[in-house]
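Each step along the sequence shown adds one to the number in numbering that gives the first Met the number 0, with nothing skipped, and position 78 is 77.
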Amino acid sequence: MSHRRTDSASSTCTVLTCTSDQFWDVYDNDKLSTIELVRDVLNNAIRPRKTFLRQSDTRFHLDDLLVGMLQQAPDPSGQRYVAVALLIAHEKGTEAVIDIARAWMDYLFLPMLSIARAVRTEPTSSQTPTIDTTVQHIEGADRLEQTRLRDLTSQREQHRCAITGAFDLSFVSKLLQQGRGKEIPDVPQLRMEAAHIIPFLLNDFDNKPDITSEIRDAARTWDMLQSWTNLDLRKILGSKINSPANAIFMTAEEHHSFGRFRFYLDKQTYPDIPNRYQARMVQDGRRFSNGRVSTIVDFRKVEGIDLPDPQFLEIHAAFARVLNLCGAAEYFESVERNAEGGMTLLTDGTTDIESLLLCRLPIAAY
Numbered sequence: 000m001s002h003r004r005t006d007s008a009s010s011t012c013t014v015l016t017c018t019s020d021q022f023w024d025v026y027d028n029d030k031l032s033t034i035e036l037v038r039d040v041l042n043n044a045i046r047p048r049k050t051f052l053r054q055s056d057t058r059f060h061l062d063d064l065l066v067g068m069l070q071q072a073p074d075p076s077g078q079r080y081v082a083v084a085l086l087i088a089h090e091k092g093t094e095a096v097i098d099i100a101r102a103w104m105d106y107l108f109l110p111m112l113s114i115a116r117a118v119r120t121e122p123t124s125s126q127t128p129t130i131d132t133t134v135q136h137i138e139g140a141d142r143l144e145q146t147r148l149r150d151l152t153s154q155r156e157q158h159r160c161a162i163t164g165a166f167d168l169s170f171v172s173k174l175l176q177q178g179r180g181k182e183i184p185d186v187p188q189l190r191m192e193a194a195h196i197i198p199f200l201l202n203d204f205d206n207k208p209d210i211t212s213e214i215r216d217a218a219r220t221w222d223m224l225q226s227w228t229n230l231d232l233r234k235i236l237g238s239k240i241n242s243p244a245n246a247i248f249m250t251a252e253e254h255h256s257f258g259r260f261r262f263y264l265d266k267q268t269y270p271d272i273p274n275r276y277q278a279r280m281v282q283d284g285r286r287f288s289n290g291r292v293s294t295i296v297d298f299r300k301v302e303g304i305d306l307p308d309p310q311f312l313e314i315h316a317a318f319a320r321v322l323n324l325c326g327a328a329e330y331f332e333s334v335e336r337n338a339e340g341g342m343t344l345l346t347d348g349t350t351d352i353e354s355l356l357l358c359r360l361p362i363a364a365y
């Protein structure tokens, strides 16, 4: 029986310099269980090459990236995808293992972090490019959609931050204007925002003279995202990116942290309780704006308003755990501080100019 969940591995095959048939022949081999594949690549492809992987890019721990992708994959098909790719790379040699690790970092994980640090802009009409089977159309999301998203998530969360319980400051003003001040709860009143769970991944490609490389990079991101997560991209196309299923109402401070993958919602703590999660910080020492290090989050059903999609939340959680494990989140924190403080070139030549610039680019809303 085939293990296949998606055919979106063409960009991975390009990095591996193998054909799609070669990749899927291994992927669909029923004699190779996923458990055996994972154990094999951990022991033979990753651990013996730890030194080479770390020396190839000192900004991150690429060995931990690979381990994290195997252990934290949001879907079993994604775990098998990573294991098969690493098995093929292992057979080709150390450089191939390094190449696929770099590709996943550059086209899958770093785009997520760079989007979180971009200046917020409205998503505009664009089209994801084609790499073999990856053909998707991303339509623009206008300001009315953004406003409607905030209103719907505010109603669903009863005008409170889903994480801290703080009350929406703008709704306080509305209640006071209507003479309903007694309805204002005795809790902190803060500015609220609708935070996207899966961020808008593409830049605006309109009206640019030469976008070939930019288009190809975006297609690789979508391709690898679908392969690792088993996400049906049709669920977030066009205006669906601004569905309440892909958003949570929270304070501006929590939104800032959530978009940077500093915390995630863990379903594993409450597997049998519908719509209940544990909000967890990925690093020790961090706290939510109410001073807590973790908290229970319950989403209630409201007629006509979708609940947060559990798959989206699991994907966000997987990214948060892997980005923290490999050191990429911590690295980008330092890059962001450098960007805010002005670009300072280090005398040893290790300044990451590209990342500093990327932090300043208006890529998309998150």
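Ideal Cβ positions, reconstructed from N, Cα and C, are used throughout, including at glycine.
Check, Outcome
"Residues near Q188 in its chain [Cβ-Cβ closer than 6 angstroms; skip 5 each side]", "F166, L168, V171"
"Proximal residues to D62 (C-beta, below 6 angstroms), its chain only, five neighbours per side dropped", "I45, K49, L52"
"Closer than 7 angstroms: N323 CB and nearest the ligand PLP heavy atom", "The model on display carries no ligand, and the ligand PLP is accordingly not part of it."
"Reduced DSSP category for E138 - H, G, I as helix; E, B as strand; rest coil", "At E138, the pLDDT of 40 sits below 50, so the modelled position is not reliable; the number obtained from the coordinates is stated separately. In the structure shown, E138 sits in coil (DSSP, three-state: anything other than H, G, I, E or B)."
"Exposure label - D222; buried when at least 16 CB within 10 Å", "buried"
"Inter-stretch contact (C-beta, 8 angstroms, three-pair minimum) for the region 324–339 and the region 173–190", "no"
"Whole-angstrom distance between Q157 and S226, CA atom to CA atom", "36 angstroms"
"Endpoints, the beta strand (DSSP E) within which H254 is located", "Taken as a continuous stretch (DSSP letters only), H254 belongs to no beta strand (DSSP E), being part of the alpha helix (DSSP H) at 251–258."
"Spatial distance of L175 from K266 (CA atoms)", "37 angstroms"
"Contacting residues, own chain, Cβ-Cβ under 8 angstroms from V301 (five flanking each side not counted)", "Q154, R155"
"Other residues of its chain near V296: CB distance less than 8 angstroms, five sequence neighbours each side excluded", "A161, I162, L264, R275, Y276, Q277, A278"
"Span of the alpha helix (DSSP H) around F170", "168–176"
"Beta-carbon spacing of M280, R299 below 8 angstroms", "no"
"Closest Cα partner of D56 within the set T152, I97, Y106, G164", "I97"
"Nearest neighbour of H254, chosen from L224, R219, H195 [CA to CA]", "H195"
"Contained beta strand (DSSP E) runs [length at least 3] in the region 258–329, N- to C-terminal order", "262–265, 275–280, 293–297"
"Per-residue DSSP class, three states only, for A8", "coil"
"Limits of the unbroken beta strand (DSSP E) element including A193", "191–195"
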